[in-house]
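If you count the sequence shown from 1, position 47 lands on 47 in UniProt numbering, and the numbers rise without skipping.
Comments concern the structure below.
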Amino acid sequence: MTSGDSFLRDFATLSAFGATERGGVHREAASEADEAQRRWFEQLLAGRGFTVRYDRIGNQFGLRETVPGAPYVLVGSHLDSQPRGGRYDGAYGVLAAAHAVHRVAGTGGTALNLAVVNWFNEEGSRFTPSMFGSAVFTGALDLDTARDTTDPAGVRVGDRLAAMGQTGTEAPVLADVAAYAEIHIEQGRVLEETGTTIGLVADTWAARKYDLRVLGDQSHTGSTPMADRQDALLGAAHLVVAARALADELSTPDAPLHTSVSRMAVEPNSPVTVAREAVLNLDLRSPDEDLLARADATLHERIPAIERTARVGIEVAGAQRWGVRPFPEAGVELARRAADELGLSHRRISTVAGHDSVHLNAHVPTVMLFVPSVDGISHNEAELTRDDDALAGVELLTAVVRRLAAG
Ligand code: GLV
Ligand code: MN
Ligand code: MN
Ligand code: MN
Numbered sequence: 001m002t003s004g005d006s007f008l009r010d011f012a013t014l015s016a017f018g019a020t021e022r023g024g025v026h027r028e029a030a031s032e033a034d035e036a037q038r039r040w041f042e043q044l045l046a047g048r049g050f051t052v053r054y055d056r057i058g059n060q061f062g063l064r065e066t067v068p069g070a071p072y073v074l075v076g077s078h079l080d081s082q083p084r085g086g087r088y089d090g091a092y093g094v095l096a097a098a099h100a101v102h103r104v105a106g107t108g109g110t111a112l113n114l115a116v117v118n119w120f121n122e123e124g125s126r127f128t129p130s131m132f133g134s135a136v137f138t139g140a141l142d143l144d145t146a147r148d149t150t151d152p153a154g155v156r157v158g159d160r161l162a163a164m165g166q167t168g169t170e171a172p173v174l175a176d177v178a179a180y181a182e183i184h185i186e187q188g189r190v191l192e193e194t195g196t197t198i199g200l201v202a203d204t205w206a207a208r209k210y211d212l213r214v215l216g217d218q219s220h221t222g223s224t225p226m227a228d229r230q231d232a233l234l235g236a237a238h239l240v241v242a243a244r245a246l247a248d249e250l251s252t253p254d255a256p257l258h259t260s261v262s263r264m265a266v267e268p269n270s271p272v273t274v275a276r277e278a279v280l281n282l283d284l285r286s287p288d289e290d291l292l293a294r295a296d297a298t299l300h301e302r303i304p305a306i307e308r309t310a311r312v313g314i315e316v317a318g319a320q321r322w323g324v325r326p327f328p329e330a331g332v333e334l335a336r337r338a339a340d341e342l343g344l345s346h347r348r349i350s351t352v353a354g355h356d357s358v359h360l361n362a363h364v365p366t367v368m369l370f371v372p373s374v375d376g377i378s379h380n381e382a383e384l385t386r387d388d389d390a391l392a393g394v395e396l397l398t399a400v401v402r403r404l405a406a407g
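In structure tokens form, the structure reads like this:
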């Protein structure tokens with residue numbers, strides 16, 4: 001059996017955890033499906049000579065130590081998924097990391113130690129914010145705050161991790177990491193449209209995300225005169241439209257602006273009762289930080305008019321943001337040379353989606369690679385990366401890890 005066969009076989013096994021009828025996976029962080037796949041991944045790592053460790057926020061590490069006391073080349077991504085998400089987002093990169101590190105460790109001769117990581121809760125769909133485990137690891141999110149975070153049902157991260165038995169205190173910390181590498185599906189169409197196999201990620205778009213809480217008053221949908229209503233859902237609807245209008249008004253071909261509201265919780269969410277409260281998320285992204293700031297300010301300028309129209313109050317909560325950040329040129333160049341040697345076509349690319357690498361990149365030399373997504377589809381059960389592209393990515397990641405581990 002070739003190493004390609006063994007990767008595809010492992011990937012098929014992994015894809016069965018939380019599998020949906022339409023070919024995707026549903027395994028939000030710390031769900032039963034996530035717990036089960038993490039246990040499977042622990043066994044896979046242990047069976048192949050890795051020492052498995054957890055940190056206090058449930059990041060899962062597989063260590064290959066050949067150079068006592070040396071720092072690690074850390075390689076990984078995330079196994080958790082969006083609700084009814086795709087098989088590849090994150091999971092591809094974690095499994096690719098395990099295969100790449102295993103191959104490099106097997107040939108030996110490295111100056112640095114090697115480690116694989118499955119970051120806890122990258123998606124942030126159940127426990128916000130996204131990129132949760134890597135945020136704690138890099139100090140961007142306080143550990144106690146993270147462990148006290150609850151899901152909409154009130155389940156606490158720390159309690160759930162304890163019940164899973166998947167936390168610990170013996171794992172590597174940021175100071176032990178010499179370099180980080182991550183491979184991920186593109187989640188866009190640039191590689192496919194240009195017939196390119198590998199994206200060398202040169203920078204990330206900026207993002208601003210926060211929740212908007214719309215406060216109205218609960219009343220009867222039939223008997224309350226229209227003029228008396230304080231309808232939180234009406235206020236929320238205006239915000240959804242205002243967010244979309246920002247993108248339509250401010251985007252330019254050189255500086256696009258992406259805006260989304262993708263989640264709303266309505267109270268009491270009942271027929272015959274005007275909504276008392278609605279909480280929605282706002283997600284703004286652009287490769288232009290000034291444009292992003294302008295969009296954010298413009299939205300805030302429009303909030304008082306929405307408050308008056310719907311007779312509601314609107315509060316902002318729970319902000320998360322990152323700027324346009326280049327990935328180190330030395331890493332792009334290292335990966336480009338490795339791709340050339342393997343005869344793989346490549347191009348520089350920006351990441352629009354956030355990744356755990358965004359946090360790591362703020363602290364350690366970081367290399368981020370993309371493989372093509374069919375039709376650019378992601379966060380969807382139809383997400384697909386062709387086997388030959390997936391395997392090319394594993395080959396390249398192996399070569400990149402080998403070069404990084406040479407010290
Ligand atoms: C995380 O996945 C993001 O793109 O925000
Ligand atoms: Mn991802
Ligand atoms: Mn994702
Ligand atoms: Mn992501």
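Glycine is no exception: its CB is placed at the ideal position from the N, C-alpha and C atoms.
Test item: CB-CB of residue i and residue j under 8 angstroms
i           : j           : result
residue 357 : residue 366 : yes
residue 274 : residue 240 : no
residue 407 : residue 112 : yes
residue 33  : residue 17  : yes
residue 233 : residue 336 : no
residue 246 : residue 309 : no
residue 321 : residue 203 : no
residue 70  : residue 401 : no
residue 338 : residue 263 : no
residue 44  : residue 10  : yes
residue 74  : residue 115 : yes
residue 257 : residue 280 : no
residue 42  : residue 52  : yes
residue 130 : residue 318 : no
Best match in the options for proximity to residue i [C-alpha to C-alpha]
i           : options            : result
residue 90  : 198, 247, 252, 28  : 28
residue 188 : 30, 376, 397       : 376
residue 4   : 395, 165, 399, 142 : 395
residue 139 : 108, 361, 387      : 361
residue 205 : 266, 350, 174      : 350
residue 207 : 176, 340, 285, 247 : 285
residue 137 : 333, 161, 59, 114  : 59
residue 217 : 315, 267, 141      : 267
residue 296 : 154, 244, 276      : 244
residue 342 : 319, 305, 399, 288 : 399
residue 370 : 307, 347, 359      : 347
residue 380 : 42, 83, 48, 47     : 83
residue 134 : 276, 317, 173, 109 : 173
residue 409 : 38, 102, 287       : An answer regarding residue 409 cannot be provided, because it is not within the stretch 1 to 407 covered by the chain.
residue 305 : 255, 238, 269, 22  : 238
residue 165 : 25, 54, 63         : 54
residue 120 : 158, 210, 192, 224 : 158
Beta-carbon proximity list for residue i, same chain, < 6 angstroms, skipping 5 on both sides
i           : result
residue 374 : 384
residue 328 : 365
residue 99  : 7, 394
residue 214 : 232, 235, 236, 278, 312, 314
residue 392 : 197, 344
residue 36  : 17
residue 126 : 28, 29, 151
Close beta carbons around residue i, own chain, < 7 angstroms, minus the five adjacent residues each side
i           : result
residue 150 : 156
residue 143 : 56, 57, 136
residue 177 : 71, 72, 74, 364
Spatial neighbours of residue i in its chain, beta-carbon cut-off 8 angstroms, leaving aside the 5 residues before and after
i           : result
residue 219 : 228, 229, 230, 273, 274
Original post:
Which residue spans inside the segment 165 to 201 form an unbroken beta strand (DSSP E) run of at least 3?
Top reply: 177 to 185
Original post:
If you measure from each residue's Cβ to the nearest non-hydrogen atom of ligand 1, which ones come out under 5 angstroms, in chain order?
Top reply: 130, 353, 354
**OP:** Entirely within the segment 215 to 267 and at least 4 residues each: give me those alpha helix (DSSP H) ranges in chain order.
**Re:** 232 to 250
**OP:** Pull every residue with its beta-carbon under 5 angstroms away from any heavy atom of ligand 2, and keep them in chain order.
**Re:** 89, 90
**OP:** Just list the beta strand (DSSP E) runs in the segment 26 to 88, keeping only unbroken ones of 3 residues or longer that don't cross its boundaries, in chain order.
**Re:** 51 to 54, 60 to 64, 72 to 77
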